[in-house]
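So the sequence shown is residues 19 to 234, counted in my numbering.
Notes for the one structure printed next.
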Amino acid sequence: MSATPLTLALCKGRILEQSLPLLEQAGIQTITPKDSRQLFLESNLPGLRLIIVRNVDMITYISHGAADLGIAGRDLLLEYEGDELYDPMGLGIAACRMMYAVPISEREAPRRPRVATKYPRSTQRYFSMRGLQVDLVPLYGSVELAPLLGLADHVVDLVDTGTTLRAHGLRPVGLIEEISARLVVNKAAMKLKYKAVRALMERLRQTIAEQQTTCK
Ligand code: PRP
């Protein structure tokens, strides 16, 4: 890989936990001590540094070019309305589903339910396509609390094991999107740092291909 400086953004949480092993398999290790609270992580590859950002800020960092590329959930891309990004490859990690869920105890759905979500665009699209009217309640997190506290009737959120929904008395009733992590690249970086970005993509592509062969 060339030493062109490249900044790769990773999301805190589940995606980070699964991204680091993937990067490691691709020969990319962080050399910043693991117990440090630093949000910049130097890597073993010359020129490549990693930054750790919050999920909600991921697209902002990459679309503004503060990070050249990143590993982000498809859920974030579905909400993005701009034209500054490519998402050239799925990474086969952090698979889950964006689901519509209602209270298990609900007897009759309200005529125009209030739906709490971190994903207003995807949610609106889902209901509009079905000709259904809803009032969106946009939230940044802990969406499953909203029906319990009377803030909303229903929710749209990511579901992995289903434990969080069940723990809050909710059941999934509609699949909105299949979600997994994707590599996201700033368009300008793709042009100006083409060789470095391609080299990184090639590493990841080979690693994913090897994993798929091993899993067969
Ligand atoms: C996600 C999602 C759900 C939960 C689902 O939250 O928003 O709350 O995971 O997982 P489960 O089906 O396995 O219970 P996450 O922990 O990623 O954090 P967030 O709520 O801050 O987005």
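In this text, a Cβ means the ideal position worked out from N, Cα and C, and glycines have one as well.
{"Query": "Taking the alpha-carbon positions, what's the Leu109 to Leu41 distance?", "Result": "10 Å"}
{"Query": "In or out: Ala206 buried (at least 16 other Cβ within 10 Å) or exposed?", "Result": "exposed"}
{"Query": "Ser20 to Leu66, Cα distance in whole Å?", "Result": "Reliability of the predicted coordinates at Ser20 is poor, the pLDDT of 49 falling under 50, and no value is obtained from them."}
{"Query": "Considering only residues of the same chain and omitting the five flanking positions on each side of Asp175, which have a CB-CB separation below 6 Å?", "Result": "Val161"}
{"Query": "Using 8 Å as the threshold, is the region 114 to 125 in touch with the region 209 to 223, meaning 3 or more CB pairs across them?", "Result": "no"}
{"Query": "Report the partner residues of Arg189 according to the DSSP bridge assignment.", "Result": "Val120"}
{"Query": "Give the C-beta separation of Ala85 and Leu26 to the nearest angstrom, bearing in mind that I take them to be a contact with Cβ-Cβ under 8 Å.", "Result": "7 Å"}
{"Query": "Can you tell me which of the three DSSP states Ala127 falls into?", "Result": "coil"}
{"Query": "Counting C-beta neighbours from all protein chains within 10 Å, is the total for Leu150 16 or more, i.e. buried, or is it exposed?", "Result": "exposed"}
{"Query": "Which stretch, first to last residue, makes up the beta strand (DSSP E) that contains Thr135?", "Result": "132 to 135"}
{"Query": "Under DSSP, the beta strand (DSSP E) around Glu239 begins and ends at which residues?", "Result": "With the chain running from 19 to 234 in the structure shown, residue 239 is simply not present."}
{"Query": "At a cut-off of 7 Å, is Ser54 close to the ligand PRP when judged by its beta-carbon and the heavy atoms of the ligand?", "Result": "no"}
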